[in-house]
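Asker: For reference, the structure I am asking about is given below.
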Amino acid sequence: MEHTALSVALAQLNLAAQKLELNAGIHKMLSQPKRSIMVSIDIRLDNGDIDVFNGVRVQHWDVRGPFKGGIRYYPGITIDEVKALSMLMTWKCAIADIPYGGAKGGVCIDSKKLTKQELERVTRRYVSLIVDYLGPHRDIPAPDMYTDAQTMAWVMDTYSQLKGYSVPECVTGKPVEVGGSEGRTEATGRGVIHCVKQAAQNIDLKLKGASVAVQGFGNVGYHAAQAAAEIGCKVVAVSDSTGGIYRADGLNPTQVLSHKEKTGSVQGFKDCRNITNQELIETQCEVLIPAAMENQITCSNADKIKARMVAEAANGPTTPEADQALHERGICLIPDILANCGGVTASYFEWVQNLTREHWPLQKVNRKLEEKMTKAFEDVHALSQKEESDLRTGALMLGVGRVANAIKVLGIWP
Ligand code: GLU
0 MEHTALSVAL
10 AQLNLAAQKL
20 ELNAGIHKML
30 SQPKRSIMVS
40 IDIRLDNGDI
50 DVFNGVRVQH
60 WDVRGPFKGG
70 IRYYPGITID
80 EVKALSMLMT
90 WKCAIADIPY
100 GGAKGGVCID
110 SKKLTKQELE
120 RVTRRYVSLI
130 VDYLGPHRDI
140 PAPDMYTDAQ
150 TMAWVMDTYS
160 QLKGYSVPEC
170 VTGKPVEVGG
180 SEGRTEATGR
190 GVIHCVKQAA
200 QNIDLKLKGA
210 SVAVQGFGNV
220 GYHAAQAAAE
230 IGCKVVAVSD
240 STGGIYRADG
250 LNPTQVLSHK
260 EKTGSVQGFK
270 DCRNITNQEL
280 IETQCEVLIP
290 AAMENQITCS
300 NADKIKARMV
310 AEAANGPTTP
320 EADQALHERG
330 ICLIPDILAN
340 CGGVTASYFE
350 WVQNLTREHW
360 PLQKVNRKLE
370 EKMTKAFEDV
380 HALSQKEESD
390 LRTGALMLGV
400 GRVANAIKVL
410 GIWP
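Under numbering that gives the first Met the number 0, the very last position in the sequence shown is 413; numbers go up by exactly one each time.
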């Protein structure tokens, strides 16, 4: 069956609504974003030509607090995909129990084909077009695919210039020099491994020496691999968009990263066998961490997965049929909205630090991150046990249920 990110997100909402016996009106409200803004981003290229890119910011629901969510730069992005991702952000923030609603932004752009100056102009123009809908108490962007701390510094500066005063709390994931939090960059990947630790206890999996395969070696994948190695796992395979590498006795993620920085690819790293991204998914390992894109685990490879646990570091890497197939095979799957909520949780810590004009040490951020992730996992796990469901259903019920309760107590205006 053909899936889109939006059809999957809506099917997930339906499932939660059915299980929660959700009021039909609230279900309808949550099926659509509160606001979708489409903009046309005109910039001058370095060679003097003008080019135009499409951008969007979708604000799903903000009943638990201001909108929050990343901005991704990706050539094939569609408004429906951003709508789906904004919905996932709403559930994610509710599961993490942080006071935000969900949003997501996207610009149709191949960031690899633009120069740094061109990317800066795109970012600044994009922010200027949506500035009235942003703000520390309205909507707080953050990094996502192919955007990073530098992009967020441009967001902060553009917002601040347009307001006429410095507003570090208008965006998270900034460089530390301008109010970014210690530990924000690593937080999503580290958070994934906090979940893996919790889940491993439930399925009696010893993580010391356990083999781990990570698909995607961007910010999330690299830090997940690094955090896994830190707790004694053997990272046997990693990959990026160009392909992957395998070494049975384990890889050192930091060395692989410096190889990738030098050569542009993880492939060709010493004493490794090159593998494809497809082979990575089917690698012999105990824990599989898809940390790249949507729809990587599908009905054509779900039955070939050998891992005992799948931790979804990416958003939406597993199709619904594959999800079902993994569940039937007894593979423990930690869903995206739980597994990767460490990023937005650390964003919340950054926002709190900015609002209170504080700067916390790394140890404090990491300790609080572990506390939040552990609590989120326990809440989801407890609900799944009670409902005799998988963790994804438990996570959706927890997230959607918390948001629905907020709507109930706030009421409908006017
Ligand atoms: N883009 C990240 C996510 O999908 C982080 C969002 C944030 O920090 O606001 O969760």
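All C-beta atoms, glycine included, are put in the ideal place defined by N, C-alpha and C.
#1: If distances are taken between C-alpha atoms only, which option among ALA102, GLU80, THR77, ASP79 comes closest to THR89?
#2: Pair every Cβ in the segment 310-327 with every Cβ in the segment 286-299, then say whether three or more of these pairs are closer than 8 Å.
#3: Are the CB atoms of ILE230 and SER238 within a distance shorter than 9 Å?
#4: Pairs of beta-carbons, one from the segment 14-23 and one from the segment 397-409, closer than 8 Å: are there three or more?
#5: Sorted by chain position, which residues of the same chain lie with C-beta nearer than 7 Å to GLY208's C-beta, five sequence neighbours on each side aside?
#6: Using the Cα positions of VAL175 and ALA148, report the straight-line distance between them to the nearest angstrom.
#7: Under the DSSP definition of a beta bridge, which residues are partnered with CYS232?
#8: Compute the minimum distance between the beta carbon of ASN353 and the heavy atoms of ligand 1, and state whether it is under 8 Å.
#9: Quick check: GLY68 and ALA141, are their CB atoms within less than 9 Å of each other?
#10: Below 7 Å CB to CB, which residues in the same chain sit around LYS269 once its five sequence neighbours on both sides are set aside?
#11: Are the beta-carbon atoms of THR241 and GLN266 separated by less than 9 Å?
#12: Excluding the 5 residues preceding and the 5 following GLU168 in the sequence, name in chain order all residues of the same chain whose CB lies nearer than 8 Å to its CB.
#13: DSSP three-state label for LYS269, please.
#14: Compute the distance between the beta-carbons of SER127 and LYS82, then report whether it is under 9 Å.
#15: Fully enclosed by the segment 133-198, which beta strand (DSSP E) runs are 3 residues long or longer?
#16: Excluding the five sequence neighbours on either side, which residues of its own chain have a C-beta within less than 7 Å of the C-beta of ASP45, listed in chain order?
#17: If I measure Cβ to Cβ from GLY220 and keep anything under 6 Å in the same chain, skipping five residues before and after, which residues do I get?
#18: Taking one C-beta from the segment 352-372 and one from the segment 386-400 each time, how about it: are there three or more such pairs within less than 8 Å?
#19: Taking the straight line between their C-alpha atoms, what separation do you get for ALA152 and LYS173?
#20: Check whether the Cβ atoms of TYR99 and VAL130 sit closer than 9 Å, and answer yes or no.
#21: So, with DSSP's three-state summary, where would you put ARG34?
#22: Can you tell me which of the three DSSP states ASN218 falls into?
#23: Answer yes or no: the CB of CYS340 versus the heavy atoms of ligand 1, is any distance below 8 Å?
#24: Thinking C-beta only, is VAL211 closer than 9 Å to ALA456?
#25: Between LYS407 and chain D, is any beta-carbon pair separated by less than 9 Å?
#26: Are MET432 and CYS331 closer than 9 Å when you measure CB to CB?
#27: Measuring alpha carbon to alpha carbon, tell me which of THR262, GLY398, MET396, ALA236 ends up nearest LEU279.
#28: For GLY68, which of helix, strand or coil comes out of DSSP?
#29: Output needed for THR146: all residues of its chain with C-beta closer than 6 Å, excluding positions within five of it in sequence on either side, in chain order.
Answerer: Let me lay it out:
#1: Within the sequence shown, numbered from 1, the residue matching residue 89 stands at position 90. Per the Cα distances, ALA102.
#2: yes
#3: Residue numbering aside, residue 238 sits at position 239 when the sequence shown is read from its first letter. Residue numbering aside, residue 230 sits at position 231 when the sequence shown is read from its first letter. No, the Cβ-Cβ distance between SER238 and ILE230 is not below 9 Å.
#4: yes
#5: Residue numbering aside, residue 208 sits at position 209 when the sequence shown is read from its first letter. If we look at GLY208 and ignore the five residues flanking it on each side, its Cβ neighbours are GLY231, LYS233.
#6: Locating residue 175 in the sequence shown gives position 176, counting from the first residue. Locating residue 148 in the sequence shown gives position 149, counting from the first residue. If you take the alpha carbons of VAL175 and ALA148, they lie about 9 Å apart.
#7: Your numbering for residue 232 matches position 233 in the sequence shown. DSSP lists no partner for CYS232.
#8: Residue mapping note: residue 353 aligns to position 354 of the sequence shown, counting from 1. Flag unset: Cβ of ASN353 not near ligand 1.
#9: Along the sequence shown, one-based indexing puts residue 68 at 69. Along the sequence shown, one-based indexing puts residue 141 at 142. In this structure, ALA141 lies closer than 9 Å to GLY68 by Cβ.
#10: Taking the sequence shown and counting its residues from 1, one reaches residue 269 at position 270. The answer is none, since no qualifying residue turns up.
#11: In the sequence shown, residue 241 corresponds to position 242, counting from 1. In the sequence shown, residue 266 corresponds to position 267, counting from 1. Going by C-beta atoms, THR241 is nearer than 9 Å to GLN266.
#12: As a position in the sequence shown, residue 168 is number 169, starting the count at 1. For GLU168, where only same-chain residues beyond five positions count, the Cβ hits under 8 Å are PRO135, ILE139, GLY178, TRP350, ASN353, LEU354.
#13: On the sequence shown, position 270 is the one that residue 269 refers to. It is coil, neither helix nor strand.
#14: Reading the sequence shown from its first residue, position 128 is the one you call residue 127. Reading the sequence shown from its first residue, position 83 is the one you call residue 82. Not in contact: SER127 and LYS82 (Cβ atoms no closer than 9 Å).
#15: 138-142
#16: Numbered from 1 along the sequence shown, position 46 holds the residue referred to as residue 45. Here the set comprises THR114, GLN116, GLU117.
#17: Numbered from its first residue, the sequence shown carries residue 220 at position 221. Only VAL213, ALA290 meet the Cβ criterion.
#18: no
#19: By 1-based counting over the sequence shown, the position of residue 152 is 153. By 1-based counting over the sequence shown, the position of residue 173 is 174. Between ALA152 and LYS173, the C-alpha separation is close to 6 Å.
#20: What you label residue 99 is simply residue 100 of the sequence shown in a count that begins at 1. What you label residue 130 is simply residue 131 of the sequence shown in a count that begins at 1. No, these two residues do not count as a Cβ contact at 9 Å.
#21: The residue given as residue 34 occupies position 35 in the sequence shown. ARG34: strand per DSSP, three-state reduction.
#22: Here residue 218 corresponds to residue number 219 of the sequence shown, with the count starting at 1. In this structure, ASN218 counts as helix in the three-state DSSP scheme.
#23: Here the question's residue 340 lines up with position 341 in the sequence shown. It does: the Cβ of CYS340 is within 8 Å (strictly closer) of some heavy atom of ligand 1.
#24: Within the shown structure, residues of the chain are numbered from 0 to 413, placing residue 456 beyond reach of any answer.
#25: The structure shown has no chain D; it contains just one protein chain.
#26: Lying outside 0 to 413, the shown extent of the chain, residue 432 is not represented and no answer is given.
#27: By one-based count along the sequence shown, residue 279 stands at place 280. If we check each option's Cα against that of LEU279, ALA236 comes out closest.
#28: As a first step, residue 68 must be located in the sequence shown, where it is residue number 69. Residue state, collapsed to three classes: strand.
#29: Within the sequence shown, residue 146 is the residue found at index 147, counting from 1. Only ILE70, TYR72 meet the Cβ criterion.
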